[in-house]
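J.:
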Amino acid sequence: MTHEHSQSHWAKVHVPARQPAASVVILAPGASAARDLPVRHECGMRAATSTLGPSLCHIMFTQRVGPHIESTKLFMGSFWRGLARPLYCVAPMANVTDAAFRHLISEIAKPSVMWTEFVSCEALTHDPDSRRRMMTTLKYAEQERPVVAQLFGSKPEQFYESAMIVRDLGFDGIDINMGCPETNVNNQGSGASLILQPDLAVEIVAACKRGAGDLPVSVKTRIGFHHIDYKDWVLRLLGTEPEVLTIHGRTRDEMSKVPAHWDVIGEIVTLAKSAGSPALILGNGDVESLVDAQQKVDEYGVDGVMLGRALFGNPWLFQGYPDTSHVPVKEKLEVIRRHTQLFQELLADPGLVGFPRMKKFYGSYLKGVPNARQLRDRLARSQSPQDVYAIIDESLDYLATQEQEQVTAG
Numbered sequence: 001m002t003h004e005h006s007q008s009h010w011a012k013v014h015v016p017a018r019q020p021a022a023s024v025v026i027l028a029p030g031a032s033a034a035r036d037l038p039v040r041h042e043c044g045m046r047a048a049t050s051t052l053g054p055s056l057c058h059i060m061f062t063q064r065v066g067p068h069i070e071s072t073k074l075f076m077g078s079f080w081r082g083l084a085r086p087l088y089c090v091a092p093m094a095n096v097t098d099a100a101f102r103h104l105i106s107e108i109a110k111p112s113v114m115w116t117e118f119v120s121c122e123a124l125t126h127d128p129d130s131r132r133r134m135m136t137t138l139k140y141a142e143q144e145r146p147v148v149a150q151l152f153g154s155k156p157e158q159f160y161e162s163a164m165i166v167r168d169l170g171f172d173g174i175d176i177n178m179g180c181p182e183t184n185v186n187n188q189g190s191g192a193s194l195i196l197q198p199d200l201a202v203e204i205v206a207a208c209k210r211g212a213g214d215l216p217v218s219v220k221t222r223i224g225f226h227h228i229d230y231k232d233w234v235l236r237l238l239g240t241e242p243e244v245l246t247i248h249g250r251t252r253d254e255m256s257k258v259p260a261h262w263d264v265i266g267e268i269v270t271l272a273k274s275a276g277s278p279a280l281i282l283g284n285g286d287v288e289s290l291v292d293a294q295q296k297v298d299e300y301g302v303d304g305v306m307l308g309r310a311l312f313g314n315p316w317l318f319q320g321y322p323d324t325s326h327v328p329v330k331e332k333l334e335v336i337r338r339h340t341q342l343f344q345e346l347l348a349d350p351g352l353v354g355f356p357r358m359k360k361f362y363g364s365y366l367k368g369v370p371n372a373r374q375l376r377d378r379l380a381r382s383q384s385p386q387d388v389y390a391i392i393d394e395s396l397d398y399l400a401t402q403e404q405e406q407v408t409a410g
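Numbering of the sequence shown is given in the UniProt record's numbering, commencing with residue 1 and proceeding in unit increments.
1. Roughly how many angstroms separate the alpha carbons of Ser154 and Asp377, rounded to a whole number?
2. Give a yes or no on whether the C-beta atoms belonging to Pro111 and Val90 are separated by under 8 Å.
3. Closer than 6 Å by C-beta to residue 421: which residues in its own chain qualify, once you throw out the five before and the five after it? Chain order, please.
4. Between the alpha carbons of Thr240 and Glu403, how many angstroms are there, rounded?
5. In the DSSP assignment, find the alpha helix (DSSP H) that holds Asn177 and state where it starts and stops.
6. Output the boundary residues of the beta strand (DSSP E) element that contains Gly283.
7. Helix, strand or coil for His126, going by three-state DSSP, please let me know.
8. Helix, strand or coil: how does DSSP classify Gly239 here?
9. Given a threshold of 16 other Cβ atoms within 10 Å of its Cβ, counted over all protein chains shown, does Ser106 qualify as buried or as exposed?
10. What residues in its chain sit with their C-beta under 7 Å from that of Asp303, if we drop five residues either side in the sequence?
11. Would you call the region 261–274 and the region 196–205 touching, i.e. three or more CB-CB distances under 8 Å?
12. Taking the DSSP output, what are the residues bridged to Tyr88?
13. Helix, strand or coil: how does DSSP classify Trp80 here?
14. Roughly how many whole angstroms lie between the Cα atoms of Val234 and Asp263?
15. Nearest-angstrom Cα distance between Tyr230 and Gly224?
16. I'd like the ranges of any alpha helix (DSSP H) spanning at least 4 consecutive residues and lying wholly in the region 340–381.
17. For Ile375 and Pro328, what's the separation of their Cα atoms in angstroms?
18. In the DSSP output, what is His248 paired with across the bridge?
19. Out of curiosity, what's the CA-to-CA distance linking Gly285 and Met93?
20. Ordered along the chain, which non-local residues of its own chain (more than five positions away) have a Cβ less than 6 Å from that of Arg167?
21. On the criterion of 16 or more Cβ atoms from any shown chain inside 10 Å, does Tyr398 qualify as buried, or is it exposed?
22. Looking at the structure shown, is Leu151 part of a helix, part of a strand, or coil, going by DSSP?
23. If we call anything under 8 Å between Cβ atoms a contact, is Ser180 one with Gly191?
24. If we ignore side chains and look at the alpha-carbon of each, how far apart do Lys330 and Glu161 end up?
25. Report the residue from Gly82, Leu83 and His103 whose alpha carbon sits nearest the alpha carbon of Leu347.
26. Is the distance from the Cβ of Gln383 to the Cβ of Ala109 below 8 Å?
27. Can you give me the start and stop residues for the beta strand (DSSP E) that Ser162 sits inside?
28. Taking the alpha helix (DSSP H) that Trp262 falls in, what are its first and last residues?
29. Please classify Met255: is it buried, with 16 or more other beta-carbons within 10 angstroms of its beta-carbon, or exposed?
30. Quick test of the definition: if touching needs 3 or more C-beta pairs under 8 Å, does the region 121–141 touch the region 354–364?
31. By DSSP, does Met114 sit in helix, in strand, or in coil?
32. Relative to the C-alpha of Glu157, which residue among Val205, Leu396, Glu117 and Leu196 is closest?
33. Going by the DSSP bridge assignment, what does Val202 pair with across the sheet?
34. Just how far apart, CA to CA, sit Arg132 and Arg381?
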């Protein structure tokens, strides 16, 4: 059976909703045989992958009927259209959302979509050494899916080449960073500086789409550069037909110094609808928990929310708790060890990613732990993963002894 880009070639199907594994039988009209395609679980929905790649799927808009899902419409589209809403996504954060941290999050409680750290198109396409560093940033595990690679740069031809690389690596989507406020990035004509260069931004999206092939392309940006001024900018971006537009609710000059303007994000949702854009709109900025995220969805009409800084020190965030006060001390210690193991397995390379990157996580994991100052200091002085393992083992032994003494005394 051939896979054509026409909705009319696909028949109605029925998919079991709660089986641990299943297949989707898709019949083309007049076909004498069906093809079974593997099914992925993504936030309660199912998308059948095909030879067209992991991101271009046979998506079902569905109704739940008892223990089954009955499809009401089947069409060709990106993975985004098969995800349950609202969408709760991991925001891309440099030196934070690397492969080790994302893997850890996926082991504890998965979000709707993962984002990589942002990757320089110039470095990815420049020379072997630079590319090697960027390829480390682009590491991911299958269990993270769906996972989106974020690119930044200022040259359309480099976006074209980088998008082809990302596509060949098997990512589910590509996101273009047009919102980073850092001066060193903006001085390259990248990130939020593209708000001041809308013609170039449009060229970049077009080039990225050409290189991406079937991968869906999205954009993340801000509500202005010097001041709030989004209408023309957002309409230009929507005109490029991104699959998703993520809005960080601050201007570039505001950095993270003021509260996010969620009222403006709501206005952009209205603008996109009035323009007839099918793009999904995600909001970003100052979201502290899933409860907070749901409130933002309800109040401002976004299709989903990106959570960033709230994840730092809290890989349990997508379990739905507002903070880590529910997490036992033992589990926090075990997460420190597990995160360190993942770093060692996936990223540790003195020439690329050094151990000091890990050390900034340790204090955040111990937030709220009584009498943890000495432990934080010891972890801060650690020089290797082996040092950390020894410290954590010693701390767990001490904790077990304390618990046993309490039981005996009781």
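Heads up, the beta-carbon is just placed ideally off N, CA and C, and yes, glycines get one too. All values reported here derive from a predicted model rather than from experimental measurement.
T.: Straight from the coordinates:
1. One-based indexing of the sequence shown puts residue 154 at position 154. One-based indexing of the sequence shown puts residue 377 at position 377. Each residue's alpha carbon lies about 42 Å from the other.
2. Along the sequence shown, read from residue 1 onward, the residue named residue 111 stands at position 111. Along the sequence shown, read from residue 1 onward, the residue named residue 90 stands at position 90. Closer than 8 Å, so yes.
3. Examination of residue 421 is not possible in this model, given that the chain is present from 1 through 410 alone.
4. The residue you call residue 240 lines up with position 240 of the sequence shown. The residue you call residue 403 lines up with position 403 of the sequence shown. Their Cα atoms are separated by approximately 60 Å.
5. For the purposes of this step, residue 177 is identified with residue 177 of the sequence shown, where counting begins at 1. Run containing Asn177: none in the alpha helix (DSSP H); it sits in the beta strand (DSSP E), Gly173 to Met178.
6. Position 283 of the sequence shown, counting from 1, holds the residue named residue 283. Note, Gly283: beta strand (DSSP E), Leu280 to Asn284.
7. Stepping through the sequence shown from its first residue, residue 126 is reached at position 126. In the structure shown, His126 sits in a helix (DSSP, three-state: H, G or I).
8. The sequence position of residue 239 within the sequence shown is 239, counting from 1. Gly239: helix per DSSP, three-state reduction.
9. Here residue 106 corresponds to residue number 106 of the sequence shown, with the count starting at 1. So Ser106 counts as buried.
10. Counting from one through the sequence shown, the residue named residue 303 turns up at place 303. Closer than 7 Å at Cβ, skipping near neighbours: Arg85, Pro86, Leu87, Leu280, Ile281 and Leu282.
11. no
12. Translated into the one-based positions of the sequence shown, residue 88 becomes position 88. DSSP output for Tyr88 lists Val305 as bridge partner(s).
13. Along the sequence shown, read from residue 1 onward, the residue named residue 80 stands at position 80. Reduced to three states, the DSSP call for Trp80 is helix.
14. Residue numbering aside, residue 234 sits at position 234 when the sequence shown is read from its first letter. Residue numbering aside, residue 263 sits at position 263 when the sequence shown is read from its first letter. In a straight line, the C-alpha of Val234 is about 15 Å away from that of Asp263.
15. The sequence position of residue 230 within the sequence shown is 230, counting from 1. The sequence position of residue 224 within the sequence shown is 224, counting from 1. Their backbone Cα atoms lie some 6 Å apart in a straight line.
16. 356–365 and 373–381
17. In the sequence shown, counting from the first residue as 1, residue 375 sits at position 375. In the sequence shown, counting from the first residue as 1, residue 328 sits at position 328. Before going on, a small fix: residue 375 reads as Leu here, not Ile. About 16 Å.
18. Locating residue 248 in the sequence shown gives position 248, counting from the first residue. According to DSSP, His248 bridges with Arg222 and Asn284.
19. Looking up residue 285 in the sequence shown gives position 285. Looking up residue 93 in the sequence shown gives position 93. Whole-angstrom Cα-Cα distance: 13 Å.
20. Residue 167 sits at position 167 when you count from the first residue of the sequence shown. For Arg167, where only same-chain residues beyond five positions count, the Cβ hits under 6 Å are Ala212, Gly213 and Leu215.
21. Numbered from its first residue, the sequence shown carries residue 398 at position 398. Exposed is the call here.
22. The count along the sequence shown starts at 1 and reaches residue 151 at position 151. Leu151 falls in the strand class under three-state DSSP.
23. Working through the sequence shown from its first residue, we reach residue 180 at position 180. Working through the sequence shown from its first residue, we reach residue 191 at position 191. The question names Ser, but residue 180 is Cys in the sequence shown. Between Cys180 and Gly191, the C-beta spacing is below 8 Å.
24. Taking the first residue of the sequence shown as position 1, residue 330 is located at position 330. Taking the first residue of the sequence shown as position 1, residue 161 is located at position 161. Going by the C-alpha atoms only, they are around 46 Å apart.
25. For this step, residue 347 is matched to residue 347 along the sequence shown. Closest option to Leu347, Cα to Cα, is His103.
26. Counting from one through the sequence shown, the residue named residue 383 turns up at place 383. Counting from one through the sequence shown, the residue named residue 109 turns up at place 109. No, they are not a contact pair.
27. The count along the sequence shown starts at 1 and reaches residue 162 at position 162. That residue, Ser162, is in no beta strand (DSSP E); its alpha helix (DSSP H) goes Pro156 to Asp168.
28. Walking along the sequence shown from the start, residue 262 turns up at place 262. First-last of the alpha helix (DSSP H) with Trp262: Trp262 to Ser274.
29. Within the sequence shown, numbered from 1, the residue matching residue 255 stands at position 255. Flag for Met255 reads exposed.
30. no
31. Residue mapping note: residue 114 aligns to position 114 of the sequence shown, counting from 1. Three-state DSSP puts Met114 in a strand.
32. Locating residue 157 in the sequence shown gives position 157, where the first residue counts as 1. Considering only alpha carbons, the answer is Val205.
33. As a working note, residue 202 is residue 202 in the sequence shown. Partner(s): none; Val202 has no beta bridge.
34. By one-based count along the sequence shown, residue 132 stands at place 132. By one-based count along the sequence shown, residue 381 stands at place 381. Approximately 29 Å between the Cα atoms of the pair.
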